[in-house]
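Oh and the sequence shown: position 89 is 671 in my numbering, straight run, nothing missing.
Each residue gets a CB set at the ideal place from its N, CA and C atoms; glycine is no exception.
Okay, structure first, notes after.
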Amino acid sequence: MSNVVNIGDLFAQYEKDKLGALPEGDYDLQVATAKPKGMSITATYTVLTGPYAGQKTINQFHFSSENAAAIAFQNLEGFGLDRAYWAQRPTLDDAASALVGRQVHGYLEIRDVSGQQRNQFKIGAVRLIGATAAPQ
Numbered sequence: 583m584s585n586v587v588n589i590g591d592l593f594a595q596y597e598k599d600k601l602g603a604l605p606e607g608d609y610d611l612q613v614a615t616a617k618p619k620g621m622s623i624t625a626t627y628t629v630l631t632g633p634y635a636g637q638k639t640i641n642q643f644h645f646s647s648e649n650a651a652a653i654a655f656q657n658l659e660g661f662g663l664d665r666a667y668w669a670q671r672p673t674l675d676d677a678a679s680a681l682v683g684r685q686v687h688g689y690l691e692i693r694d695v696s697g698q699q700r701n702q703f704k705i706g707a708v709r710l711i712g713a714t715a716a717p718q
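See below:
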C-alpha cells in the first residue's frame, strides 16, 4: 500500500470546496449548511448542475434592519419559507435548520464585501425546486 498523495487531486478538491464567489448567473443550488449568527443566517450552497457542479458558495440573510429583513424574507420565500412558515414564529435557529437540504434555482449576483467578492441572490429571483438530505 502506498502513501503517495496526488497533489493535483488535493488541489481539485480544494477548488471544489472553497467558498469563493461564482460568476453571476443562474444556478441550481442545494443548501449544505445554514447557521444563525447575530441577526443573520449564513448558508453555504453546493452547485448541483452545470460547469460549476460541486463547487460551493456562501450567502447571508440579514435581519438587522427593516430593509435587510424585507430582502431576506422575499428571497427566503423562494426557499419555501413563506407567510405560513413565518406565522409559526420560528427562531433563527429553526429557520436555519429548515433551509438545510432545500434545492433552489436562483440568480446569483456578485457584491463587494470588505474588498472580497461574495455572491448574493438577485432579489426575488429564487424558487424552490426540491428538498433532500443535505450533501456531506
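Neighbour-count burial assignment, residue i, 16 or more Cβ in a 10 Å radius
{"i": "Q612", "result": "buried"}
{"i": "G697", "result": "exposed"}
{"i": "A654", "result": "buried"}
{"i": "N641", "result": "buried"}
{"i": "Q702", "result": "buried"}
Spatially closest choice to residue i from the options, by CA coordinates
{"i": "D694", "options": "N585, L630 and G602", "result": "G602"}
{"i": "H687", "options": "I711, A669 and A677", "result": "I711"}
{"i": "L681", "options": "Y634, D608 and T626", "result": "T626"}
{"i": "T673", "options": "N588, G620, Q699 and S647", "result": "G620"}
Beta-carbon separation (whole angstroms), residue i vs residue j, contact threshold 8 Å
{"i": "S679", "j": "F645", "result": "Not a contact, Cβ separation roughly 16 Å."}
{"i": "T628", "j": "A650", "result": "No, T628 and A650 are not in contact; Cβ-Cβ is about 25 Å, not under 8 Å."}
{"i": "G660", "j": "V708", "result": "3 Å"}
{"i": "A677", "j": "L690", "result": "Contact flag wrong, Cβ pair sits at about 21 Å."}
{"i": "G683", "j": "A635", "result": "Not confirmed; about 17 Å, so no contact."}
{"i": "D610", "j": "Q685", "result": "7 Å"}
Beta-carbon proximity list for residue i, same chain, < 8 Å, skipping 5 on both sides
{"i": "D675", "result": "P618"}
{"i": "I705", "result": "I653, Q656 and N657"}
{"i": "V586", "result": "none"}
Which full runs of the beta strand (DSSP E) of 3+ residues lie inside the segment 598-682, going along the chain? 607-619, 622-629 and 638-644
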